[in-house]
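Undergrad: For reference, the structure I am asking about is given below.
Protein chains: 2
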Amino acid sequence: MSPELNFRDLCHRCNLAATHQRQVIYETVLSLHGHPSPELIYAKVRKKVPSISLATVYKNLRTFIESGMLREVGLPHGSLRVESNQKIHHHLVCVECKSITDLDEAGIDPVRLRQKLPPGFQVRRISVDVLGTCSQCSSRAPRSSRF
Amino acid sequence: MSPELNFRDLCHRCNLAATHQRQVIYETVLSLHGHPSPELIYAKVRKKVPSISLATVYKNLRTFIESGMLREVGLPHGSLRVESNQKIHHHLVCVECKSITDLDEAGIDPVRLRQKLPPGFQVRRISVDVLGTCSQCSSRAPRSSRF
DNA sequence: CTAGATGCAAACAGTTTGCGTCACT
DNA sequence: AGTGACGCAAACTGTTTGCATCTAG
Chain X
2 MSPELNFRDL CHRCNLAATH QRQVIYETVL SLHGHPSPEL IYAKVRKKVP SISLATVYKN
62 LRTFIESGML REVGLPHGSL RVESNQKIHH HLVCVECKSI TDLDEAGIDP VRLRQKLPPG
122 FQVRRISVDV LGTCSQCSSR APRSSRF
Chain W
2 MSPELNFRDL CHRCNLAATH QRQVIYETVL SLHGHPSPEL IYAKVRKKVP SISLATVYKN
62 LRTFIESGML REVGLPHGSL RVESNQKIHH HLVCVECKSI TDLDEAGIDP VRLRQKLPPG
122 FQVRRISVDV LGTCSQCSSR APRSSRF
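Those protein sequences? They're chains X and W, same order as listed.
Residue numbers 2 to 148, in this note's numbering, belong to the letters of the first sequence in order.
Residue numbers 2 to 148, in this note's numbering, belong to the letters of the second sequence in order.
What follows is the structure in structure tokens.
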């Protein structure tokens with residue numbers, strides 16, 4: 002399972018050209034195995050491909066997310082959103098149109114932590130987001146896939 | 002329980018001056034009872050206080066979030082973050098320094114939906130984020146409170 | 001050969017900041 | 001009276017886009 006082979010296969014399955022830049026970006030994200038920002042990825046990738054541009058990194062991260070090769074952490078990135086609903090509740094989020102709907106707490110099994118957290122971590126709240134596509138966006142042309 | 006009285010009390014408890022702008026912003030967010038963006042709030046507030054500036058809206062939303070009068074939806078707003086971990090897992094997020102750590106799926110009871118979702122909504126995944134402050138940030142000067 | 005990918009620079013959206021003036025306490 | 005809030009404009013960060021050139025298939 003050489004990474005080279007895997008990457009080409011992955012790209013072919015996603016109908017993406019297997020370019021050098023693309024491969025370096027992808028493998029860099031894998032090597033960072035955390036939750037790196039575009040800037041950090043850019044900095045690392047640059048060491049291998051000094052001529053690469055930040056725009057290429059952004060374009061490819063989006064491409065990877067859309068094709069399911071990578072995942073975006075948290076809500077699909079948009080603007081600040083604020084809420085006044087003080088009751089415990091969760092959110093139904095459309096990853097296409099970014100609409101957010103409240104879900105009553107009763108609709109989801111209560112979340113309980115079974116795991117030891119890092120010492121000193123003070124939990125403030127637990128947020129549950131159900132991500133997907135709403136009916137309108139589901140019927141429109143699908144943008145991202147998954148396999 | 003007139004809103005006027007409530008608002009002044011709230012502000013006093015948070016050591017905030019109860020200004021007219023602040024009150025209109027706060028009540029506007031309540032009246033929208035959804036997940037409004039700063040721009041939407043600004044547009045609505047402007048109808049009551051035409052001279053208000055967008056900066057004031059932003060400043061006060063941040064103030065409200067810090068003092069616990071409002072809540073920010075989703076992760077504390079920063080830059081795009083990407084991950085390659087394909088296993089089901091969840092996140093431990095520090096709301097101060099924005100650090101993200103993976104939590105193994107086994108550490109949290111499996112989330113199951115008991116509630117009927119809007120028809121046509123296609124669930125893609127469920128994201129669970131444990132929000133709080135990490136040990137380092139907990140020991141530093143606390144920024145936001147809650148009562 | 002051709003569709004699509006890259007690199008650059010410029011544009012853009014959302015958000016924050018500095019500063020002089022004004023208002024709440 | 002003094003601290004902090006407001007309004008304005010300018011700065012800034014993160015991200016996207018247009019376009020000419022290049023490259024994988």
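No residue lacks a Cβ here, since even glycine has one placed at the ideal position from N, Cα and C.
Predicted, not measured: the structure shown is a model, and the values here were computed from it.
Name the two residues that bound the continuous beta strand (DSSP E) containing V124/W.
TA: For V124/W, the enclosing beta strand (DSSP E) stretches over residues Q123 to T134.
Undergrad: How do the region 14-33 of chain W and the region 55-65 of chain W stand: do at least 3 beta-carbon pairs fall below 8 Å, yes or no?
TA: In short, these stretches touch, since the Cβ pair count reaches three.
Undergrad: Listing by chain order, which chain X residues have their CB less than 9 Å from the CB of D38/W?
TA: The sequence given here has Ser at residue 38/W, not Asp. Result: G79, S80, L81, R82 and V83.
Undergrad: For R82/W and S38/X, I'd like the C-alpha separation in whole angstroms.
TA: 5 Å
Undergrad: Between the alpha carbons of S52/W and F8/X, how many angstroms are there, rounded?
TA: 56 Å
Undergrad: Quick one: what's H91/W bridged to in DSSP?
TA: L104/W
Undergrad: With distances taken from CA atoms, which of E73/W, S85/W and L76/W is nearest M70/X?
TA: S85/W
Undergrad: With three or more beta-carbon pairs closer than 8 Å as the criterion, would you say the region 110-130 of chain X touches the region 104-120 of chain W?
TA: Between the region 110-130 of chain X and the region 104-120 of chain W, the count of Cβ pairs shorter than 8 Å is three or higher; the stretches touch.
Undergrad: So what's R147/W in DSSP terms, helix, strand or just coil?
TA: Per-residue confidence for R147/W stands at a pLDDT of 45, beneath the threshold of 50, marking its modelled position as unreliable; the derived number appears in the next sentence. Note: R147/W maps to coil in three-state DSSP.
Undergrad: Which residues of chain X have a Cβ atom closer than 9 Å to the Cβ of H92/W, listed in chain order?
TA: H36, V74 and G75
Undergrad: On the DSSP bridge list, what partners appear for I189/W?
TA: Residue numbering for chain W in the displayed model covers 2 to 148; residue 189/W lies beyond these limits and cannot be assessed.
Undergrad: Run through chain X and tell me which residues come within less than 9 Å of Q22/W, C-beta to C-beta.
TA: What Q22/W touches in chain X: nothing, since even the nearest Cβ is about 16 Å away.
Undergrad: Identify every residue that forms a DSSP beta bridge with E67/W.
TA: According to DSSP, which records beta bridges pairwise, E67/W is partnered with nothing at all.
Undergrad: Give the interface partners of L62/X over in chain W, defined as CB-CB distance under 8 Å, in chain order.
TA: In chain order: L81 and V83.
Undergrad: Quick check on this structure: which residue in L132/W, S136/W and H92/W has the alpha carbon closest to the alpha carbon of E106/W?
TA: H92/W
Undergrad: Confirm, please, whether the CB-CB distance from P77/W to K60/W is below 8 Å.
TA: no
Undergrad: Given a cut-off of 8 Å, decide if C135/X and G121/W are closer than it, judged by their beta-carbon atoms.
TA: yes
Undergrad: Residues of chain X with CB under 9 Å from C135/W, in chain order?
TA: P119, G121, F122 and Q123
Undergrad: Between C15/X and the ligand NAP, is there a pair consisting of the residue's CB and a ligand heavy atom that are separated by less than 7 Å?
TA: In terms of ligand content, the structure shown is empty, and the ligand NAP therefore cannot be addressed.
Undergrad: What residues in its chain sit with their C-beta under 6 Å from that of R23/X, if we drop five residues either side in the sequence?
TA: N61
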